[in-house]
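Number of protein chains: 2
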Amino acid sequence: MKLGGDRETAGMRLSFSRHCVALIWSKRARARIFNESPQGCACIALRCHSKLLLRPKNTEEVSNILKYCNDRNLAVTPQGGNTGLVGGSVPVFDEIIISTALMDKVISFDQVSGSLVCQCGCILESLNQYLEGQGYIMPLDLGAKGSCHIGGNIATNAGGLRLLRYGSLRGTVLGLEAVLPNGTVLNCLNSLRKDNTGYDLKQLFIGSEGTLGLITAISILCPRKPSSVNVALLGCESFSKVLQVFTLCRDLLGEILSAFEFQDLESMNVVQTHLKLMNPLQESPFYILIETAGSSVQHDEEKLNVFLAKALESGLVNSGTVATDQSKIKSVWALRERITEALAHDGYVYKYDLSIPVEKLYALVEETRVRLGRTAKRVVGYGHLGDGNLHLNITSESHSKSLVAALEPFVYEWTAQHCGSISAEHGLGFKKRNHIYYSKSPEAVQLMQILKKLLDPKGIMNPYKTIPSSG
Amino acid sequence: MKLGGDRETAGMRLSFSRHCVALIWSKRARARIFNESPQGCACIALRCHSKLLLRPKNTEEVSNILKYCNDRNLAVTPQGGNTGLVGGSVPVFDEIIISTALMDKVISFDQVSGSLVCQCGCILESLNQYLEGQGYIMPLDLGAKGSCHIGGNIATNAGGLRLLRYGSLRGTVLGLEAVLPNGTVLNCLNSLRKDNTGYDLKQLFIGSEGTLGLITAISILCPRKPSSVNVALLGCESFSKVLQVFTLCRDLLGEILSAFEFQDLESMNVVQTHLKLMNPLQESPFYILIETAGSSVQHDEEKLNVFLAKALESGLVNSGTVATDQSKIKSVWALRERITEALAHDGYVYKYDLSIPVEKLYALVEETRVRLGRTAKRVVGYGHLGDGNLHLNITSESHSKSLVAALEPFVYEWTAQHCGSISAEHGLGFKKRNHIYYSKSPEAVQLMQILKKLLDPKGIMNPYKTIPSSG
């Protein structure tokens with residue numbers, strides 16, 4: 001990309017060790033963004049022409065690369081597992097890709113405190129497997145765990161399935177090391193639960209999608225592996241009953257509640273139709289997936305039974321099934337976790353990831369359904385209800401400009417009117433950065449732009465992402 | 001204080017509504033800092049000469065005050081309950097004090113999600129009482145709860161007794177509103193658990209001790225009030241056994257563990273001697289206070305009994321007592337919570353609030369004891385072991401320069417060598433800001449200074465606090 005000044009042709013004069021320069025860009029990122037996240041705004045094609053992908057092995061190499069690029073006004077795009085849904089890790093023009101794939105070492109794990117220190121390129125699922133062997137788990141879990149990198153998770157402030165129980169990465173990340181655009185290594189890699197010495201600089205990098213620096217190593221607090229896990233799938237007649245079940249659930253399951261997910265009938269239909277998964281319950285307008293994770297098999301089962309009895313007796317749920325063994329747990333989770341995959345078989349998918357106060361959360365799905373009428377093939381709503389996070393997905397036979405026009409800015413305006421967030425957990429990346437004003441005040445965006453300018457005065461770090469340009 | 005430029009005499013030309021200008025500064029802050037926190041470095045006297053204390057009632061008034069002061073280069077010190085231990089809320093010279101005492105309104109509380117929105121001057125204990133009536137509690141609790149303000153808690157990133165269970169304020173604070181030094185109101189006051197739209201600006205203000213802006217309102221996620229609370233006090237023969245009990249505790253109490261505090265014999269002696277509190281156990285080198293909080297009385301008691309039986313059988317603890325009723329719980333907690341108060345009766349107190357990896361945590365107390373020999377009256381160690389937080393306190397008959405010289409920089413260097421933090425939860429304020437380099441790299445401190453300069457170019461916000469001057 002052209003950044004002016006004494007720019008050189010990307011990669012032509014770089015002189016790093018051989019393993020660093022790995023391969024010519026294979027259009028994988030572009031392919032992924034179309035195959036896996038055909039969003040409503042995907043009509044904005046990401047026609048990247050990167051010619052160079054670098055794979056540093058350590059922080060020093062990242063520092064050398066960034067210093068070199070910054071001195072010569074060469075733009076870069078950090079890339080982890082490239083599983084994001086908003087184009088945050090995909091170059092827009094010919095940015096040099098800095099892949100974290102070779103920075104995949106565990107540095108240390110403390111058995112007493114549960115703090116894990118590792119390089120940024122460790123794959124989330126690998127870390128979880130490593131920890132399980134020692135009686136711990138990662139505090140986050142998400143569908144892309146098999147390929148996403150922990151550095152990318154933190155750079156995007158990933159949410160996912162365990163947030164309800166273990167909180168956000170802003171609380172569980174204890175420290176990090178990042179390389180600033182000018183090559184300066186910022187070492188904030190401590191492993192302390194408490195540290196009030198000055199401003200918490202690591203927070204600047206969590207969720208900034210690689211626009212302020214490249215996270216090279218992290219320290220994270222890991223919870224103990226629960227010795228008892230149960231999953232229940234329940235059918236519900238109305239969304240107001242779903243909310244009542246949520247309240248009951250928090251009263252009776254309390255500290256062992258680890259997930260409260262919901263999906264509507266339409267999203268259940270899509271996994272049955274396209275993936276041939278079996279719904280063990282009778283047909284219902286809504287389904288709830290509850291997971292408990294605790295330290296006592298007997299106590300957890302008793303709590304769950306008391307809760308289920310009350311939920312059935314009071315008519316809040318019409319049917320239910322409980323899974324305690326691993327294979328059944330997996331098959332129940334599949335009904336919820338594989339909705340995205342099933343939707344991809346349904347046609348062109350328009351995706352929205354929204355935070356909305358829970359009471360009003362499903363009203364948007366209903367209004368969207370009425371608004372689109374028969375122009376949409378399906379309008380589905382599902383998500384992490386316990387976190388107020390709705391995934392609103394719409395499908396059509398093929399991409400339709402008129403459908404996009406009916407959806408946007410309607411969805412964003414509705415969300416803003418209800419004090420929600422237009423990106424709950426996916427971030428803004430390239431695709432949504434100009435929609436930031438629906439969720440943030442002009443003063444806030446201006447301060448973000450000033451911070452970006454401060455840390456990356458030449459604008460080489462992941463340009464065109466997250467924050468709208470100052471102009 | 002002199003900031004140069006067209007400075008006016010503080011308060012002489014201010015023209016706010018009457019309730020705003022409350023009283024002439026009464027040296028209360030100075031008195032407090034000597035009476036309640038006679039620290040090792042208290043030889044640096046805080047000789048403030050503030051002549052004006054303003055008590056705004058709302059954000060607009062705060063904005064007007066700051067704009068006025070910024071335009072005229074008048075320095076200000078935000079002040080909540082003024083309970084801090086490092087002089088963060090005490091003016092150094094004649095800074096205008098902006099008290100948050102009249103900004104004490106609850107704005108809203110959402111019964112389903114548990115999110116509380118309130119003004120910055122609400123007293124922590126009052127908020128907790130308000131929430132308890134609705135089946136919730138605040139996610140933080142600390143000794144100063146009766147007078148500290150929630151805005152001050154967040155500005156100092158307060159830790160306290162519930163951090164082990166509910167995590168830090170960086171995770172539980174959902175949003176905040178802050179007024180920047182130039183009077184700009186920055187509204188980041190959402191109540192969403194997930195919001196990934198741009199940089200998380202609220203984190204800049206959490207823990208920055210009023211040096212970047214004044215927090216005027218907050219939104220915080222509150223946990224349900226537990227229906228069952230138990231407290232156990234245990235005696236232990238060695239610190240290595242204390243650590244083994246911690247591991248056992250996390251295995252067997254799991255999700256219901258809400259506090260794991262420890263205190264050594266010397267700190268038990270001090271509460272017995274000066275406050276005449278009764279120790280229900282036999283004399284032991286160490287005591288552990290464990291609290292459980294859960295949703296089932298029966299399950300929690302069973303878990304606690306299994307844990308206690310195992311801890312006693314295996315010889316990890318030599319004695320123990322369990323409290324389930326409110327008055328006994330209170331009297332057991334008093335043994336740990338009133339150590340600070342008891343120490344004040346013992347003489348001059350040198351206080352250190354440190355984060356240290358748990359395995360090495362008590363070694364510092366032992367080394368300090370050996371180092372000081374008979375020059376100190378007492379060397380005591382206690383704290384939030386579950387968070388790796390040691391409170392190291394030393395007493396002498398009166399203030400002694402030679403004792404300070406024996407303690408500093410020894411304590412800070414020891415902490416730095418063991419990768420700890422020289423301020424776990426108290427912050428740096430005025431007293432410790434120049435010690436920041438023991439816990440933070442020069443690159444990190446430089447970036448903090450740049451951020452301070454960016455948000456407060458004239459340096460009017462709480463000068464001489466938290467960050468060392470750039471020069």
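Just so you know, the protein sequences line up as chains A and B, in that order.
Residue numbering for the first sequence follows the UniProt record's numbering, starting at 1 and increasing by one per position.
Residue numbering for the second sequence follows the UniProt record's numbering, starting at 1 and increasing by one per position.
Note that CB positions come from ideal geometry on N, CA and C, so glycine has one too.
Source: prediction; values computed, not measured.
As assigned by DSSP and simplified to three states, the class of residue i
i	result
Ile33 (chain A)	Bear in mind that the predicted position of Ile33 (chain A) carries a pLDDT of just 32, short of 50, making it unreliable; the figure below should be weighed with that in mind. Ile33 (chain A): helix per DSSP, three-state reduction.
Gln134 (chain A)	coil
Leu142 (chain B)	coil
Ala194 (chain B)	Per the sequence shown, residue 194 (chain B) should be read as Lys rather than Ala. If DSSP states are grouped into helix, strand and coil, Lys194 (chain B) belongs with coil.
Leu161 (chain A)	coil
Tyr464 (chain B)	coil
Tyr287 (chain B)	strand
Gln79 (chain B)	strand
Cys48 (chain B)	coil
Glu177 (chain B)	strand
Thr292 (chain B)	strand
Val90 (chain B)	coil
Cys188 (chain B)	strand
Leu455 (chain A)	helix
Leu53 (chain A)	strand
His435 (chain A)	helix
Leu74 (chain B)	coil
Ser168 (chain A)	coil
Gly5 (chain B)	Model confidence at Gly5 (chain B) stands at a pLDDT of 38, short of 50, so the residue's coordinates are unreliable; what they give is reported in the following sentence. Looking at Gly5 (chain B) - three-state DSSP - the assignment turns out to be coil, as it is neither helix nor strand.
Ser208 (chain A)	coil
Leu428 (chain A)	coil
Ser147 (chain B)	coil
Per-residue burial, residue i [other beta carbons within 10 Å of its own, 16 or more giving buried]
i	result
Val370 (chain A)	exposed
Gln119 (chain A)	buried
Gln263 (chain B)	buried
Ile460 (chain B)	buried
Pro409 (chain A)	exposed
Ile123 (chain A)	buried
Met448 (chain A)	buried
Tyr325 (chain B)	It should be noted that the sequence gives Asp, not Tyr, for residue 325 (chain B). With fewer than 16 other Cβ atoms within 10 Å, it is exposed.
Ser267 (chain A)	buried
Pro463 (chain A)	buried
Ser99 (chain A)	buried
Gln203 (chain B)	buried
Gly254 (chain A)	buried
Leu455 (chain A)	buried
Thr375 (chain B)	exposed
Pro139 (chain A)	buried
Ala259 (chain B)	buried
Gln129 (chain A)	exposed
Beta-carbon separation (whole angstroms), residue i vs residue j, contact threshold 8 Å
i	j	result
Leu243 (chain B)	Cys249 (chain B)	Actually they are not in contact, since the Cβ atoms of Leu243 (chain B) and Cys249 (chain B) sit about 10 Å apart, beyond 8 Å.
Asp387 (chain B)	Leu163 (chain B)	5 Å
Thr415 (chain B)	Tyr438 (chain B)	6 Å
Lys328 (chain B)	Leu252 (chain B)	About 22 Å separates the two Cβ atoms, so there is no contact after all.
Leu451 (chain A)	Thr197 (chain B)	Rounded, the Cβ-Cβ distance is 15 Å, inconsistent with contact.
Gly213 (chain A)	Leu180 (chain A)	5 Å
Review point. What residue ranges within the region 210-278 of chain B form continuous alpha helix (DSSP H) runs of no fewer than 4 residues, ordered along the chain?
Key: The region 210-278 of chain B contains these whole alpha helix (DSSP H) runs: 239-252, 265-275.
Review point. What are the uninterrupted segments assigned as alpha helix (DSSP H) that are 4 or more residues long and contained completely in the region 93-138 of chain B, given in chain order?
Key: Runs of alpha helix (DSSP H) with 4 or more residues, each lying fully within the region 93-138 of chain B, are found at 124-132, listed in chain order.
Exercise for review: Go through the region 300-351 of chain B residue by residue and report every complete run of the alpha helix (DSSP H) that reaches 4 residues or more, in order.
Suggested key: The region 300-351 of chain B contains these whole alpha helix (DSSP H) runs: 326-337, 339-344.
Practice item. Spell out a yes or no on whether the region 338-346 of chain A and the region 400-408 of chain A are touching, meaning 3 or more CB-CB pairs, one atom from each, closer than 8 Å. Key: At 8 Å Cβ cutoff, the stretches do not touch.
**Study point:** Any 3 or more C-beta pairs closer than 8 Å across the region 194-209 of chain B and the region 95-109 of chain B
**Key:** Segments in contact, no.
Exercise for review: Inspect the CB distances between the region 189-198 of chain B and the region 151-162 of chain B and report whether three or more fall short of 8 Å.
Suggested key: Cβ pair count under 8 Å is below three, so no.
Exercise for review: Could you pull out every unbroken beta strand (DSSP E) segment of at least 3 residues lying fully inside the region 360-394 of chain A, listed in chain order?
Suggested key: Inside the region 360-394 of chain A, DSSP marks whole beta strand (DSSP E) runs of 3 or more residues at positions 378-384, from first to last along the chain.
**Study point:** Cβ contact check for the region 280-295 of chain B and the region 232-241 of chain B: 3 or more pairs under 8 Å
**Key:** Segments in contact, yes.
Check your understanding: How do the region 168-175 of chain A and the region 53-64 of chain A stand: do at least 3 beta-carbon pairs fall below 8 Å, yes or no?
Key -> Result no; under three Cβ-Cβ pairs closer than 8 Å.
**Study point:** the region 134-149 of chain B contacting the region 141-153 of chain A, beta-carbon criterion three pairs below 8 Å
**Key:** Taking 8 Å as the limit for Cβ pairs, the verdict is that the region 141-153 of chain A does not touch the region 134-149 of chain B.
Check your understanding: Quick check: the region 178-188 of chain A against the region 435-451 of chain A, are there 3 or more CB pairs under 8 Å?
Key -> Taking one beta carbon from each stretch, the region 178-188 of chain A and the region 435-451 of chain A have fewer than 3 pairs nearer than 8 Å; the two do not touch.
Practice item. Determine contact between the region 315-325 of chain A and the region 357-365 of chain A, defined as no fewer than three beta-carbon pairs at a distance below 8 Å. Key: Inter-segment contact for the region 315-325 of chain A and the region 357-365 of chain A is absent: fewer than three beta-carbon pairs are separated by less than 8 Å.
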